[in-house]
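Reading through the C-alpha cells given below for one structure.
Protein chains in written order, with the numbering used here: chain G, 44 to 439; chain H, 12 to 294.
Pasting the structure below:
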C-alpha cells in the first residue's frame, strides 16, 4: 500500500532533467530573439546593402528560433508535476497556445486598436525616436462623418448591396432545383454552374468591366443586334452606326453600382446554388411522399415540405450573402475605384481610400468608418453566434 | 427527391429538359466564354466588334506568350504560390491543434473561445487593416511575402478552427476516452489517433484555403507594395492599367489568374464542396 503510494508520488513528481534542459533552451531562444537577432546583424552576416532585403532572412531566423522556443516552452511545462497531476485541465491550453496567440495578435486585438485609432488624428507615422505622432481628438472623426456626403453615399450603397445581393439566395435555390435531376452528365453541369465562385473576384470584375464596355463589350454586341448596323466608311473600314448609342453602365453614376452588384451576384448565386444542392440531397424522401399523399404539388410542396427542410442551407446562404455584401471591395476596386464621382463607394472601399488612398493618410478618419462598418457587421455576427449557441445547447 | 425526377415525366418534358440544360449553361457561362474567345483573338477583331464570331486568326499562343513576355506575369504566379502554399500549411496545422483542444476537452472556456474564432472570421477586413499594417511595420515584415503569409495564416485559422472543431466533435468520443484510460499521453492521442481520422477535413481545408488565398486581393494590396512580390490578382489589376484598351491581353492575363483555382476545384471537387457546404445539411 505504502509502496504504491510512493510509486504514485514518484510518477507525478517534477522531472528535474526535462525542466532544466527545456528551460535552458527556452532562455537561450528568448535571449537570441530579444538581444541578438536584429536586421542589422543579418545585414552584416550576409552582407546585404539594403535593409529591405535583409528583412526576409531576419524574419526566417527569428521564426525558426521562435518555433524552437515554443517547443521548448511546451516541453518545459509538461515536465512539471502540476501539469501531470491535472493534465485534462492544462492540455487544451497547450494545444490552443499557438493558434489562439496568433489569432489574438492579428485579429482580435487589432479590432480594439482600430476602435481606439478612430478617436485620434494620425497619419500612420512615428517620429525618429519611434514616438507616436498622432493626437487624441475624441469624437471629432465621428462628427466629421455625419457631415460627409460621401459617407452617406457609401452607407446607401451598402444598403443597396445588402438588399440586392439577397437575390442570390432565391435565384440560387431555383438553379439548384433546376439541376437537381439524375440525367447523364448532370454532375459536370453542376460543377460548371459552380465555376464563377471559384475564380477570383478581381477576374470577375475584369470580365464584367469588359462585358459592360460600350464600344466592344458583350452588352454593346447585344445592343447592336437591335439598334446598330455596320457600315463601310469612306476609308473602306467597317464602322458601327447606332440609332441609339449603347449605355455606358459603369460610366454613369446612376447605374454603376447596379452594374457592380450584378457582377457580384454571379459568383454569389453559384455559392447559394451549391449550398441548396447539398441541402436538396438530404431532403427526406418519406416526407415528400407524405406530402404527395396529402395532395401537395409544385409550389405548395416546395413551400410547405421542402423549404422547411432546407432551413440550415438557407441560414448559411443568408449569412454568407450578408457578409459578402458588406465585404464587397475587390469588385469596386477593379471596376470603378469608387467612381464616377464617388457614386460607387461603399464603406469598405471608402475606408481604404481615406486611410491609404493617394495623397491621404487619414488613419483616424478611416478607422472611424471601419468602426461603423464593424458595428453593422456585428449585428449579423451576433445573430449567427446566437443561432450557433442554440444549436450547441440542443446537441447537449 | 424534389423536384420530381424528369424520368417520371412525359417524353416531351424530358427532351425539353435535355435541351434546356446546355442552353442554360451556355447563358450562365457566357461572360467566361466570351472572355476566352477574346483572349485568343487578334486586336483587330476587337476593334471591328467581332465578339461572338470565329476569330479572324487564332492567336492563343501569341496572346498568352505576349502576356508573359511583356509583363511580370510569371513572377506574379510564382509569388501567389509562395503566399498560398505556406499559408495553407500553417493555418491548417494550427487549426488541427486548436480544433482538437476545443472539441475534445470540456472546459469552461471552450465554447466562448470557439465563438471568438468564429466571430473573428467574419469581421470586415477594414477594421483590421491599419493595426495590421502598423504591426507588420514594427515587426519589420511589412512589404514582404512572409509578413503577408503570417497574417493570412492567423486570419484563416479562424475559419479552419470552425471547420476542424465541428469535424472532430463528430468523431466517436469513446475512442479518445479509452486511449486515455490506457495512459496514452494527450499529445500522442492527438497525433496517432485523431490526426489520421481527420484526414478528409485536412484535405477539404487545404483546397479551400488555397483557393481563398489565391483569390485574395485586399490584403496583398495593403501589405505588399513592391512589384516583384505582388501576387497574380493584384498583378492582373495593374496590367489592366498598362494594357489600356488591349482587351485581348487583359483577358488572357485574367484567365491565367483563374486557371489554377479552377483546376484545383476540378481535381478536389468532393472535398471543396464538402468544405463550403459545412453546416448546410445539419439539423
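Beta carbons are placed, not taken as given, at the ideal position from N, Cα and C, and that holds for glycine. As the structure is a prediction and not an experimental result, all values here were calculated from the model.
query, result
"Under 8 angstroms, with one C-beta from each stretch per pair, do the segment 157-176 of chain H and the segment 17-37 of chain H reach the 3-pair mark?", "no"
"In whole angstroms, what separates the C-alpha of residue 323 of chain G from that of residue 61 of chain H?", "42 angstroms"
"Go ahead and label residue 76 of chain H buried or exposed: buried means 16 or more other beta carbons lie within 10 angstroms of its beta carbon, across all protein chains shown.", "exposed"
"If you drop the 5 nearest sequence neighbours on each side, which residues of the same chain put their C-beta closer than 8 angstroms to that of residue 388 of chain G?", "193, 196, 197, 200, 375, 381 and 396"
"Under 9 angstroms between C-beta atoms, does residue 78 of chain H make it to chain G?", "no"
"I'd like the span of the alpha helix (DSSP H) that includes residue 274 of chain G, first residue to last.", "No alpha helix (DSSP H) contains residue 274 of chain G, which is instead part of the beta strand (DSSP E) from 271-275."
"Where does residue 346 of chain G sit, in a helix, a strand or coil, going by DSSP?", "helix"
"Looking only at its own chain, which residues have a Cβ that is under 6 angstroms from the Cβ of residue 270 of chain G, when we skip the five neighbours before and after it?", "285, 286 and 287"
"Excluding five sequence neighbours on each side, which residues of the same chain lie with their C-beta closer than 7 angstroms to the C-beta of residue 225 of chain H?", "91, 95, 271 and 272"
"Quick check: is the beta carbon of residue 130 of chain G nearer than 9 angstroms to any beta carbon in chain H?", "yes"
"Between which two residues does the alpha helix (DSSP H) holding residue 176 of chain H run?", "156-180"
"Mind checking which residues open and close the alpha helix (DSSP H) that includes residue 277 of chain H?", "258-278"
"Helix, strand or coil for residue 436 of chain G per DSSP?", "helix"
"Identify every residue that forms a DSSP beta bridge with residue 237 of chain H.", "Partner(s): none; residue 237 of chain H has no beta bridge."
"Would you call residue 282 of chain H buried or exposed, if buried means 16 or more other Cβ atoms sit within 10 Å of its Cβ?", "buried"
"Just list the residues that DSSP pairs residue 284 of chain G with in beta bridges.", "G/272"
"Residue 52 of chain H versus chain G: which residues are under 9 angstroms apart at the beta carbon?", "What residue 52 of chain H touches in chain G: nothing, since even the nearest Cβ is about 11 angstroms away."
"Quick one: Cα of residue 153 of chain H to Cα of residue 235 of chain H, how far?", "7 angstroms"
"Using a Cβ cut-off of 9 angstroms (strictly closer), state whether residue 22 of chain H contacts chain G.", "no"
"Check the Cβ-Cβ distances between residue 29 of chain H and every residue of chain G, and say whether any is below 9 angstroms.", "yes"
"CA-CA distance, residue 161 of chain G and residue 183 of chain G?", "9 angstroms"
"Given a threshold of 16 other Cβ atoms within 10 Å of its Cβ, counted over all protein chains shown, does residue 144 of chain G qualify as buried or as exposed?", "exposed"
"Consider the C-beta atom of residue 97 of chain H and the heavy atoms of the ligand GDP; say whether any pair is separated by less than 8 angstroms.", "With respect to small molecules bound, the structure shown includes none, and the ligand GDP cannot be examined in it."
"To which residues of the same chain is residue 347 of chain G closer than 8 angstroms at the C-beta, ignoring the five residues directly before and after it?", "334 and 339"
"Which residues of chain G have a Cβ atom closer than 7 angstroms to the Cβ of residue 39 of chain H, listed in chain order?", "236"
"Please go through the same chain and pick out, in chain order, the residues whose beta-carbon is closer than 7 angstroms to the beta-carbon of residue 419 of chain G, but skip the five residues on each side of it.", "369"
"Could you tell me if residue 327 of chain G is buried or exposed, where buried requires 16 or more neighbouring beta carbons within 10 angstroms of its beta carbon?", "exposed"
"Give a yes or no on whether the minimum CB-CB distance between residue 136 of chain G and chain H is below 9 angstroms.", "yes"
"Quick test of the definition: if touching needs 3 or more C-beta pairs under 8 angstroms, does the segment 126-143 of chain G touch the segment 108-123 of chain H?", "yes"
"Closest to residue 242 of chain H by C-alpha separation, out of H/109, H/69, H/212 and H/88, would be which residue?", "H/88"
"What residue does the alpha helix (DSSP H) around residue 183 of chain G start on, and which one ends it?", "183-189"
"In chain order, what residues of the same chain have a beta carbon less than 6 angstroms from the beta carbon of residue 228 of chain H, not counting five sequence neighbours either side?", "244"
"Three or more C-beta pairs closer than 8 angstroms, one from the segment 207-215 of chain G and one from the segment 13-21 of chain H: is that the case here?", "no"
"Please report the distance separating the alpha-carbon of residue 393 of chain G from that of residue 61 of chain G.", "55 angstroms"
"Just how far apart, CA to CA, sit residue 59 of chain H and residue 309 of chain G?", "28 angstroms"
"So which residues of chain G does residue 34 of chain H contact, with C-beta pairs closer than 7 angstroms?", "Result: empty, since nearest Cβ-Cβ is about 12 angstroms, beyond 7 angstroms."
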